[in-house]
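Below is one structure; the comments refer to it alone.
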Amino acid sequence: MSLAAALFFAATVTPLEDPALEARAQDIEREIRCVVCENEPISQSTADIATDMRQRVRDRIAAGDSNAEVRAYFRERYGAFVLLRPDISPMTWALWAAPFAFLLGGAAAVVSLRRGRPAEPYEPEEGER
Amino acid sequence: MIGEAGAFLSILALVLVAAQGVLGLLGHARPGLAAAAAACAQAALACLALAFAALVSLFLSSDFSFAVVANNSHTAKPLIYKFAGTWGNHEGSMLLWCLVSALFGALLTWFRGGLSHGLWSRAVGVQGLVTLGALVYTLALSSPFARLDPVPYQGGDLNPLLQDPALALHPPLLYLGYVGLSAPFSLALAALMEGETNTAWAKALRPWTLVAWSSLTGGIALGSYWAYYELGWGGWWFWDPVENASFMPWLAACALLHSTIVTERRGSLASWTILLAIIGFALALLGTFLVRSGALTSVHAFAVDPARGTAVLVLFSLAVGIGLTLFAWRAPTLMRPAGFAAVSRESFLVLNNLGLAIAAGTVLIGTLYPLLIEAVTGELISVGPPFFDISFSPLMAALLLAMPIAPLMAWRKGALSAALRWTWPAGLAAGAAVGLGLFAVGGGFWVGLGLGVGVWCLLGALAYVWKRWGQGGPRTFARFLALPLAVWAMTAAHAGVGVFTLGAVIDTAFKLERAERLHPGDSIDFAGRSVRLVEVVEAEGPNYIATRARLEVSYQGTTALAAPERRFYPGANQPTTEVAILPTLTSDFYIALGEAAQTPRGTAFTIRFYRHPFVRLIFWGAALMALGGALAIVALALRRRREAMGAGFFAAPAPAAAPAE
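Order-wise, the sequence lines are chains G and S.
For the first sequence, the positions run 325 to 453 when this note's numbering is used.
For the second sequence, the positions run 165 to 825 when this note's numbering is used.
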């Protein structure tokens, strides 16, 4: 095998034979960030390292890793930066709680503003905007 | 000479907008001062327009004795990109920012509407100070008229990714949107200073908000379309921080658009409308900060310069600090009891505002969180598309369920049953779409829900037209034509949301992709097509060299040629991809040429093939939304002219109207 042939094989990803496992691999690679691109998951990047990382996702799954274990594998090697969906940890509690906090806060504001107002008999009013 | 004239004119504009600010703020009780402020605003616009024209001419003549031209242009660049290159860089785009701000200052003086003198004068004043801040920043820290010595023989060229027709238009539209939000901001601050909000004020707010929102919609859509065909794999939204920076003001403008409707018609929600106007402009400034400071690295961050970032942050803090302080101080005096039942047009518009505000907050925290974590702990984390898919999308889906119902509600007190009377066909169709998504095409829960929401929004929007058509008479063709423009404006925008949703859901769920190494002569079968790589040739463009593949794509008995390229721009020392797209009625067949590699059989090329089903609906939907906004502006203008005619042809603007309730 020449060097050219080695390059040829390095630049493509061999899909897993089991469609269920391949689907898992594709789910995971959408959530792993390419480490040399601007802001792309490895599933979309054409960079060599992204291709390599996609192959490693498949290698880990073939070796029997769970999704969480594959993610942990990449976090150990590249840091939390590589996870596009940040893990739930003390550092990201505020992030994950924020949408719910906004929702509750907004609902509470509306309820408190409407409470204590006398119930008026409103009449419907038709018309243009 | 031209450059020095430009620099002089922008300094003159600086003095004029400072005068506009001071005179406008002092002129609320003295009409003479206010008239002087208006004259300053118009003169400042003229000066900045000429200064910008001077900069354009420097780019057109490739005058490399100016740093900004030398760093961002090239003699071999096509003329259109020399022109568009004027704003394809930090300094030029900041001058454009100032120009647009001055434009809104002058427009405020020309289109006064029924605004009371005090509100009008103060709004002109605040707008002058906004322009002043931007102009001080531009001239002090990023002057486009700085000279170079020695003069280079050739320029560094514009980032080739930006040498594209859609991207030539994208920045001016976005700036019209960003800076357009400064007009509602000025009006909001004027209302706080005057301690007065009335129907005329709310009416005055709407056109500016519509201009800003429509331009943002168009600008974001163009950027998205550009990403689709330029970045090489057909993605159209990435939840990239820079995209979020433009999306947050869009969400705020969208909320503001709807809250001003309530304030104009019912007088309620006035203080919330003011707060939204402040927040909307704050988010626009934050967007400018994020993009310009280099806090984010992307194609948009032209210059990484901490001093500039700090300065924008100072301007941001000034505007927001003053705005919110005034709000906290004066808003309680503006409170008026909002009289409406729990189910009414008003309550649905409140729901809209609540949802959009929460959505904007979610995007904001997702965008800033990595920066905060890095500043506090030094650790790098990413908040990417999966976060927004989980948090933003379900919220939006829930909000869109309410969208078709809201316009069918009566003001003050509505009934769901009455709304259902018009929307049940849309509901049935949406249910069918859910079933289709779940069972027929096997897309799963979210795909089913997404398709249902899309159909519901699209048909629900049409249900409103059906109702209005039948109001007060039979549905004749003449009465159809006589429907008010405002009805079509809202219908177009709401239907556009439905069309967009359908495109987004279908493309995300059902796109196909395949990457292959092909030698010339090789064929593959993909997505019902037979594709053969005929040859790969070298070609030369005006300022680039291209590797061009020629492929034959056979589909349903016809053969089409596709020619995707990889280009290299020696001036900027940067490669780009030019994809080939073969559209059919239902999908785009998308081909991107990748790297060459030597194999035992010779030179092979990685070619990526995609089928993007119904992807055009995304852009058509966005275009419909922007069209809706534009129609609404025309409808407002027509209505105002009618009102003015009703009051007598040469009548003065209506006197400050009484509070609405």
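C-beta: ideal position from N, C-alpha, C; glycine also.
Keep in mind it's a predicted model, so treat the numbers as computed, not measured.
Cutoff 6 Å; reference residue 520(S); Cβ partners in own chain excluding five residues on either side: In the second sequence, counting from the first residue as 1, residue 520(S) sits at position 356. In its chain, beyond the 5 residues on either side, 415, 418, 419 have a beta carbon closer than 6 Å to the beta carbon of residue 520(S).
N- and C-terminal bounds of the alpha helix (DSSP H) containing residue 339(S): Stepping through the second sequence from its first residue, residue 339(S) is reached at position 175. Looking at the DSSP string, the run of the alpha helix (DSSP H) that includes residue 339(S) is 329-344.
Proximity below 8 Å, CB of residue 214(S) to CB of residue 267(S): Stepping through the second sequence from its first residue, residue 214(S) is reached at position 50. Stepping through the second sequence from its first residue, residue 267(S) is reached at position 103. The Cβ atoms of residue 214(S) and residue 267(S) do not sit closer than 8 Å to each other.
Min CB distance residue 350(G) to chain S below 8 Å: Reading the first sequence from its first residue, position 26 is the one you call residue 350(G). Closer than 8 Å: no.
Backbone CA spacing between residue 509(S) and residue 399(G) [nearest angstrom]: The sequence position of residue 509(S) within the second sequence is 345, counting from 1. The sequence position of residue 399(G) within the first sequence is 75, counting from 1. Between residue 509(S) and residue 399(G), the C-alpha separation is close to 49 Å.
Straight-line Cα distance separating residue 455(S) from residue 471(S): For the purposes of this step, residue 471(S) is identified with residue 307 of the second sequence, where counting begins at 1. For the purposes of this step, residue 455(S) is identified with residue 291 of the second sequence, where counting begins at 1. Rounded to the nearest angstrom, the two C-alpha atoms are 14 Å apart.
CB of residue 406(S) within 8 Å of CB of residue 410(G), strictly: For the purposes of this step, residue 406(S) is taken as the residue at position 242 of the second sequence. For the purposes of this step, residue 410(G) is taken as the residue at position 86 of the first sequence. The answer is no: Cβ separation not under 8 Å.
With 16 other Cβ atoms within 10 Å as the buried cut-off, status of residue 661(S): Numbered from 1 along the second sequence, position 497 holds the residue referred to as residue 661(S). Buried, by the Cβ-count rule.
Residue-level contact to chain S via CB, residue 439(G), 8 Å cutoff: What you label residue 439(G) is simply residue 115 of the first sequence in a count that begins at 1. Judged by the 8 Å Cβ criterion, residue 439(G) is not in contact with chain S.
Cut-off 8 Å between Cβ atoms - residues of its own chain near residue 507(S), not counting five sequence neighbours on either side: The sequence position of residue 507(S) within the second sequence is 343, counting from 1. Within the same chain, Cβ atoms closer than 8 Å to the Cβ of residue 507(S) are found at 573, 577, 578, 579, 580, the five residues on either side in sequence being excluded.
Of the residues 381(S), 363(S), 343(S), 390(S), the one placed nearest residue 326(S), counting alpha carbons only: Counted from its first residue, the second sequence places residue 326(S) at position 162. With distances taken between Cα atoms, residue 326(S) lies closest to 390(S).
Close-in-space but distant-in-sequence residues of the same chain around residue 255(S) (CB under 6 Å, 5 per side omitted): Residue numbering aside, residue 255(S) sits at position 91 when the second sequence is read from its first letter. Residues of the same chain with a CB within less than 6 Å of the CB of residue 255(S), apart from the 5 flanking positions on each side, are 232, 306, 308 in chain order.
Cβ of residue 577(S) within 8 Å of any chain G Cβ: For the purposes of this step, residue 577(S) is identified with residue 413 of the second sequence, where counting begins at 1. Yes, residue 577(S) lies at the interface with chain G (some Cβ there is under 8 Å from its Cβ).
C-beta neighbour in chain G for residue 780(S), strict 8 Å: In the second sequence, counting from the first residue as 1, residue 780(S) sits at position 616. Taking Cβ atoms only, chain G never reaches closer than 8 Å to residue 780(S), which makes this a no.
Nearest-angstrom Cβ-Cβ length linking residue 237(S) and residue 223(S), presumed shorter than 8 Å: One-based indexing of the second sequence puts residue 237(S) at position 73. One-based indexing of the second sequence puts residue 223(S) at position 59. About 6 Å separates the beta carbon of residue 237(S) from that of residue 223(S), a gap short enough to meet the 8 Å contact definition.
Short CB-CB distance (under 8 Å) between residue 430(G) and chain S: Counting from one through the first sequence, the residue named residue 430(G) turns up at place 106. Look at residue 430(G): its C-beta is under 8 Å from a C-beta on chain S.
Proximity winner among 761(S), 207(S), 444(S), 170(S), relative to residue 684(S) (alpha-carbon distances): In the second sequence, residue 684(S) corresponds to position 520, counting from 1. Nearest C-alpha to residue 684(S) among 761(S), 207(S), 444(S), 170(S): 761(S).
Residue 477(S) and residue 453(S) closer than 8 Å at C-beta: For this step, residue 477(S) is matched to residue 313 along the second sequence. For this step, residue 453(S) is matched to residue 289 along the second sequence. Cβ distance < 8 Å, so residue 477(S) and residue 453(S) count as in contact.
The region 393-406 of chain S touching the region 428-437 of chain S, judged by at least three CB pairs closer than 8 Å: Taking one beta carbon from each stretch, the region 393-406 of chain S and the region 428-437 of chain S have fewer than 3 pairs nearer than 8 Å; the two do not touch.
Cutoff 8 Å: residue 397(S) Cβ touching any chain G Cβ: Residue numbering aside, residue 397(S) sits at position 233 when the second sequence is read from its first letter. Residue 397(S) belongs to the set of residues whose beta carbon lies under 8 Å from a beta carbon in chain G.
Residues within the region 392-411 of chain G neighbouring chain S, beta-carbon criterion of under 8 Å: Flagged, chain order: 403, 404, 405, 406, 407, 408, 409, 410.
Cβ neighbours of residue 366(G) in the same chain (closer than 6 Å, five flanking residues each side left out): What you label residue 366(G) is simply residue 42 of the first sequence in a count that begins at 1. Take residue 366(G), set aside five residues on each side of it, and the residues of its chain with a beta-carbon closer than 6 Å to its own are 353, 356, 358, 374, 377, 378, in chain order.
Under 8 Å by beta carbon: chain G residues contacting residue 363(S): The residue you call residue 363(S) lines up with position 199 of the second sequence. Ordered by position in chain G, no residue passes the 8 Å Cβ test against residue 363(S), which lies about 14 Å from the chain.
Distance, residue 284(S) Cα to residue 486(S) Cα: Residue 486(S) sits at position 322 when you count from the first residue of the second sequence. Residue 284(S) sits at position 120 when you count from the first residue of the second sequence. Whole-angstrom Cα-Cα distance: 19 Å.
Below-8 Å beta-carbon distance, residue 526(S) vs any chain C residue: Going by chain labels, chain C is absent from the structure shown, which instead holds the protein chains G and S.
C-beta contact flag for residue 295(S) and residue 257(S) at 8 Å: Residue mapping note: residue 295(S) aligns to position 131 of the second sequence, counting from 1. Residue mapping note: residue 257(S) aligns to position 93 of the second sequence, counting from 1. A distance of 8 Å or more separates the beta carbons of residue 295(S) and residue 257(S).
Span separating the alpha-carbon of residue 385(G) from that of residue 382(S): Locating residue 385(G) in the first sequence gives position 61, counting from the first residue. Locating residue 382(S) in the second sequence gives position 218, counting from the first residue. Spanning the two alpha carbons is a distance of roughly 43 Å.
Check: residue 773(S) C-beta below 7 Å from any heavy atom of the ligand FMN: By its list of ligands, the structure shown contains no ligand whatsoever, and the ligand FMN lies outside what it can speak to.
Residue 751(S) at chain G interface by Cβ criterion, 8 Å: Within the second sequence, residue 751(S) is the residue found at index 587, counting from 1. It does not; no Cβ of chain G falls within 8 Å.
CB contact flag (residue 494(S), residue 359(S), <8 Å): The count along the second sequence starts at 1 and reaches residue 494(S) at position 330. The count along the second sequence starts at 1 and reaches residue 359(S) at position 195. Cβ distance < 8 Å, so residue 494(S) and residue 359(S) count as in contact.
Inter-residue Cα distance where the pair is residue 788(S) and residue 669(S): On the second sequence, residue 788(S) is found 624 positions in, with the first residue counted as 1. On the second sequence, residue 669(S) is found 505 positions in, with the first residue counted as 1. When rounded, the separation of the alpha-carbon atoms in residue 788(S) and residue 669(S) is 17 Å.
Burial state of residue 752(S), where buried means 16 or more other Cβ atoms lie within 10 Å: Along the second sequence, one-based indexing puts residue 752(S) at 588. Flag for residue 752(S) reads buried.
Buried or exposed (CB count within 10 angstroms, at least 16 for buried), residue 370(G): Indexing the first sequence from 1 puts residue 370(G) at position 46. Residue 370(G) is buried by the Cβ-count criterion.
Where residue 227(S) falls: helix, strand or coil (DSSP): The sequence position of residue 227(S) within the second sequence is 63, counting from 1. Looking at residue 227(S) - three-state DSSP - the assignment turns out to be coil, as it is neither helix nor strand.
Against chain G: residues of the region 527-543 of chain S by CB proximity under 8 Å: Listed in sequence order: 529, 530, 533, 537, 541, 543.
Extent of the continuous alpha helix (DSSP H) run through residue 193(S): Walking along the second sequence from the start, residue 193(S) turns up at place 29. Note, residue 193(S): premise wrong, no alpha helix (DSSP H); not H, not E.
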